[in-house]
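Residue 276, in the UniProt record's numbering, is where the sequence shown stops; the numbers in between run on with no holes. Quick reminder that beta carbons are idealized off the backbone N, C-alpha and C, glycines included.
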Amino acid sequence: MFRNQYDTDVTTWSPTGRLFQVEYAMEAVKQGSAAIGLRSRSHVVLACVNKAQSELSSHQKKIFKVDDHIGVAIAGLTADGRVLSRYMRSEAINHSFTYESPLPVGRLVVHLADKAQVCTQRSWKRPYGVGLLVGGLDESGAHLYYNCPSGNYFEYQAFAIGSRSQAAKTYLERRFESFGDSSREDLIKDAILAVRETLQGETLKSSLCTVSVLGVGEPFHFLDQETIQKVIDTFEKVAEDEEVEAGDGEAAVAPAEEGGDGGAGAGDQDVAPMEM
1 MFRNQYDTDV TTWSPTGRLF QVEYAMEAVK QGSAAIGLRS RSHVVLACVN
51 KAQSELSSHQ KKIFKVDDHI GVAIAGLTAD GRVLSRYMRS EAINHSFTYE
101 SPLPVGRLVV HLADKAQVCT QRSWKRPYGV GLLVGGLDES GAHLYYNCPS
151 GNYFEYQAFA IGSRSQAAKT YLERRFESFG DSSREDLIKD AILAVRETLQ
201 GETLKSSLCT VSVLGVGEPF HFLDQETIQK VIDTFEKVAE DEEVEAGDGE
251 AAVAPAEEGG DGGAGAGDQD VAPMEM
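As structure tokens, this is what we get:
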């Protein structure tokens with residue numbers, strides 16, 4: 001349990017060169033509800049699963065607005081996520097006040113990574129137990145970054161973090177090459193489909209997910225529940241239509257195969273195979 005007492009302090013290295021407190025923080029990210037981010041050349045979409053601790057409680061907010069051109073989705077300890085999102089909001093406001101221009105997304109991500117890294121080298125601190133997907137738009141285009149509790153950060157075309165995120169990653173890996181040219185509507189659809197992959201058999205409803213969008217000429221905002229439900233209904237209807245067409249095709253092949261042995265065999269049946 002105590003890893004031979006090498007995990008009592010964040011600055012204590014194990015003989016194998018590991019910081020267990022940092023690894024525990026990264027494990028907290030894996031245990032949090034899933035968060036998903038996608039970007040095209042002009043838009044960024046963030047989505048998350050609304051997971052309540054019990055039927056009597058509401059879910060915790062997992063997506064935060066930083067500025068009109070930046071938003072963040074979190075997975076892990078929500079309290080740590082709120083603190084960091086408030087820090088990011090303060091940095092964006094200070095930069096805008098000082099330079100009268102929006103804060104570049106990459107610069108904010110570096111500040112955030114530095115803040116997280118300090119917590120891995122001070123014995124009286126602990127790492128932030130939260131992972132952040134930072135989506136933003138600046139002069140260089142749309143960006144999506146993942147900030148890790150260890151202080152590392154990476155830029156992605158699409159990424160998923162949190163509980164059962166591997167299923168969403170598998171879906172995104174199959175589709176990510178088309179995201180660059182995707183429209184706003186296609187990105188939203190892919191984000192919701194990726195969320196559905198993390199539910200493991202649960203029926204996807206608008207109440208189970210939160211979706212936010214930002215893009216060129218479109219400040220960061222949340223989609224309302226009605227809009228999300230319309231998107232869900234659309235691709236579910238398409239899936240049902242495809243199943244019906246596939247079923248009709250299989251049924252149409254059956255009479256042709258039976259009639260090949262002789263017309264009398266098919267004519268003696270009281271009910272046609274397609275009408276059974």
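Residue i: first and last residue of the uninterrupted alpha helix (DSSP H) it sits in
| i | result |
| --- | --- |
| N94 | T78 to Y99 |
| V29 | F20 to Q31 |
| E202 | First-last for E202: undefined, no H or E at that position. |
Delimiting residues of the beta strand (DSSP E) encompassing residue i
| i | result |
| --- | --- |
| L38 | A35 to R39 |
| V66 | I63 to D67 |
Residue i - DSSP class collapsed to helix/strand/coil
| i | result |
| --- | --- |
| A75 | strand |
| E173 | helix |
| residue 277 | Shown here, the chain extends from 1 to 276; a query on residue 277 therefore has no answer. |
| L118 | Rather than Leu, the amino acid found at residue 118 in this sequence is Val. DSSP places V118 in helix when its eight states are reduced to three. |
| V110 | helix |
| W13 | coil |
| A160 | strand |
| S178 | helix |
| L56 | coil |
| T227 | helix |
Sheet register partners of residue i (DSSP bridge)
| i | result |
| --- | --- |
| S212 | L46 and F222 |
| L144 | G135 |
| residue 278 | Lying before the first or after the last residue shown, residue 278 is absent from the chain, which here runs from 1 to 276. |
| A168 | According to DSSP, A168 bridges with nothing at all. |
| I232 | Looking at the DSSP assignment, I232 forms no beta bridge with any residue, so it has no partner. |
| I70 | D67 and G136 |
| V130 | G76 |
Chain-order list of residues whose beta-carbon lies under 8 Å from that of residue i (same chain, five-residue window excluded)
| i | result |
| --- | --- |
| L193 | Y171 and F235 |
| Q225 | S206 and S207 |
| G180 | S40, R41 and Q157 |
| Q200 | R164 and A167 |
Neighbourhood of residue i by C-beta distance below 6 Å, restricted to the same chain and skipping five residues each side
| i | result |
| --- | --- |
| M276 | Low per-residue confidence applies at M276: pLDDT is 40, beneath 50, and the placement is therefore not dependable enough to give any value. |
| G135 | G37, V44, L46, G71 and L144 |
| Q60 | T78 |
| I228 | S206 and V211 |
| C69 | Rather than Cys, the amino acid found at residue 69 in this sequence is His. So the qualifying residues of the chain are P102, G136 and L137. |
| D9 | S123 |
| H221 | none |
| E197 | A167, A168 and Y171 |
| K125 | C119 |
| T11 | S123 |
| A272 | Low local confidence applies: a pLDDT of 41 at A272 is under 50, so the model's placement there is unreliable, with the coordinate-based value given in what follows. If we look at A272 and ignore the five residues flanking it on each side, it has no Cβ neighbours. |
Cβ-based neighbour list, residue i, same chain, cut-off 7 Å, excluding 5 preceding and 5 following
| i | result |
| --- | --- |
| Y153 | V109, A113, Y145, Y146 and N147 |
| A25 | P127, Y128, G129 and P149 |
| K51 | S33 and H59 |
| A191 | I36, L38, V45, A47 and V211 |
| D80 | Y128, G129 and V130 |
| K115 | Y87 |
| F20 | R3, Y6, D7 and S14 |
Original post:
Are there three or more Cβ pairs, one per stretch, closer than 8 Å when the region 166-186 is compared with the region 99-111?
Top reply: no
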